[in-house]
Each structure stands twice: as C-alpha cells, then as structure tokens.
Amino acid sequence: MSSFKHLAIIMDGNGTWAKKRHHRRVFGHIRGLKTALRIIKHCSQIQIPFLSLFTLSKENFNRPAEEIELLIKLLDKAFDKYIPFLFQNQIRFCPLGDISVFSKDLREKLIQSQNQTEKHKGLNLILALNYGGRQEIIQAFRKAYVYYFNQSVFPKNIKEKEIASFFPSANFPNPDLLIRTGGESRISNFYLWSLAYTELFFTQTLWPDFTAQELEQILQNFKQRERRFGLI
Ligand code: IPE
Ligand code: MG
C-alpha cells in the first residue's frame, strides 16, 4: 500500500458504548482514548504516513458544559501522559482547528508538542480540535483575501491548487480513506474540501470497541476498491 498516504477517522460511539453498560458518557470517552492510542500505535507500526483523528468537532462544543470540560480535561491529561509515546514512536504531532478556545496552558502544550516533534520521521498525527470543515474553508478565504489584497492582485482566474494552498491543512495529502465508527453515515463537517475523492467506510462498531484487526480488514477492503477519480 505504498501509495496510501492518509487515513482519516471520525471516532464516534463513545456515549452509546457507555450507555449500553449503564455508565456515564465520560467512561466511554476514557475507553475511546485507549482505542485511539492503540490505533495510533498500529498506524505508526504499519507506516501509514498521515493519520487524522476527528477528536473534537466545533459542534461538540455545544454539548453540556460538564461533558465538554471533561473531554478537554481528558485531552489535557493524555498530553501530559503520552508525550514520551510521541518520542518513542517518532510521531509528528499536528493540531488542526481553532485552539483559541482552550486554556493558555493547554494551548501551550499543543504548540510545544508540535514544535518538539516537528523533526520526527514517523507518523504524522493530526488531531482535529474544535475543528469544522466549513470553518477551514472560511479561514482559507480570509487568508487568501489578505494575501491578494497585500499584493494588490485581483485573482480573477484563481486555480484549485492556489485555493488549496491557503487551507490550514494544506501540508497534508488528501485522505485516501475515511472511516467513521458508531453507525452514522455522515461526514459531520470533517475535512470538506480534501475528502472530494476519498473512499468512505462506515462501521457499526462503537469507537471503544474498534480494534487494529478491524482496521486491517477495512484496509484490505480498501485495496480491493477501484479508485477511478472520474476516469473509466
Ligand atoms: C464520539 O463519541 C467522541 C466525541 C465526540 C468526543 P460520542 O460522544 O459522539 O458518542 P455517541 O455518538 O453519543 O455514541
Ligand atoms: Mg456522536
């Protein structure tokens, strides 16, 4: 799978997983974090170049304050605990999304981890945090506007590649495959622009139950799909 560059995952179903066990939702998120670590490790071992995890959507911030606070706390603690994991596995960490909503302390941790792991040669781990696909498009527009304004250029014939270069995710290849767990068949405002030709895979498996074996099965299935990019 040498041409396979980027796997994106919408990790869904933590709450349902907890509810089925008569636990609080946060318990599902704690289990979900464990799954995420296993999957990151597996992707790193099988040498997938880029892995994007939809960790917190912009819409997630509309959840009850208690849940969102717990999610952020979990993320914060995970950072403290798993920084060595990024070093041991030569993982490059890239946050994506509007992180201005986080505390100064967490923001610094995110930026610092990004800087400290920048030279790593292994997996590029992209965590989408307070991320929205449309918001990313808006950001690209704003950046482009300022850029062309400063150059006094009116880009009447702007090309696809130029537009793409203004995206915060411009340095990542387009995802080859998107997996969503938890039984819903939606994109939910994840990468909108770069999913144009991505193969989509939806599984009923709830995220805390997702395993490296299932990922391998999905990757096998992906290999059998014929990607034609509009050709015949
Ligand atoms: C996904 O699980 C994890 C996050 C959004 C952080 P959910 O919390 O959306 O779980 P369900 O969809 O309610 O089962
Ligand atoms: Mg959900």
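Residue 130 in our numbering sits at position 124 of the sequence shown, with consecutive numbering throughout. For every residue, glycine included, the Cβ atom is placed at its ideal position computed from N, Cα and C. In this text, all values refer to a predicted model and were calculated from it rather than measured experimentally.
query, result
"For Leu62 versus Ile36, is the C-beta distance shorter than 9 Å?", "no"
"Counting beta carbon pairs with one atom in the region 133-151 and one in the region 170-179, are three or more of them shorter than 8 Å?", "yes"
"Using only the alpha-carbon positions, how far apart do Thr204 and Leu76 sit?", "32 Å"
"Let me check one thing: in DSSP terms, what residues is Ala134 bridge-paired to?", "Phe60 and Leu102"
"For Glu166, count neighbouring C-beta atoms within 10 Å of its own C-beta (all shown protein chains included) and say buried if the count is 16 or more, exposed if not.", "exposed"
"Kindly give me the distance between the Cβ atoms of Leu57 and Ile132, rounded to whole angstroms, as I take these residues to be in contact under 8 Å.", "7 Å"
"Check whether the Cβ of Gly38 sits closer than 8 Å to any heavy atom of ligand 2, and report yes or no.", "no"
"Do Gly19 and ligand 2 come close, with the Cβ less than 8 Å from some heavy atom?", "yes"
"Which of the three DSSP states, helix, strand or coil, is assigned to Glu232?", "coil"
"Between which two residues does the beta strand (DSSP E) harbouring Phe208 extend?", "Glu205 to Phe208"
"Please report the residue range of the alpha helix (DSSP H) in which Leu39 lies.", "Arg31 to Gln51"
"Cα separation between Phe235 and Pro181?", "13 Å"
"By how many angstroms is the C-alpha of Tyr88 removed from the C-alpha of Ser50?", "15 Å"
"Can you list, in chain order, the residues of its chain with a C-beta nearer than 7 Å to that of Gly103? Leave out the 5 residues immediately preceding and following it.", "Ala134, Leu135, Asn136 and Tyr137"
"Since Leu112 and Asp82 should fall inside the 8 Å C-beta cutoff, what is the C-beta to C-beta distance between them, to a whole number of angstroms?", "5 Å"
"By the DSSP assignment, the beta strand (DSSP E) with Ile185 in it spans what residues?", "Leu183 to Arg186"
"Taking 8 Å as the cut-off, does the CB of Asn195 come closer than this to any heavy atom belonging to ligand 1?", "no"
"Considering Cα atoms alone, identify which of Ile97, Glu232, Arg140 and Thr22 is closest to Lys64.", "Arg140"
"Where does Leu212 sit, in a helix, a strand or coil, going by DSSP?", "coil"
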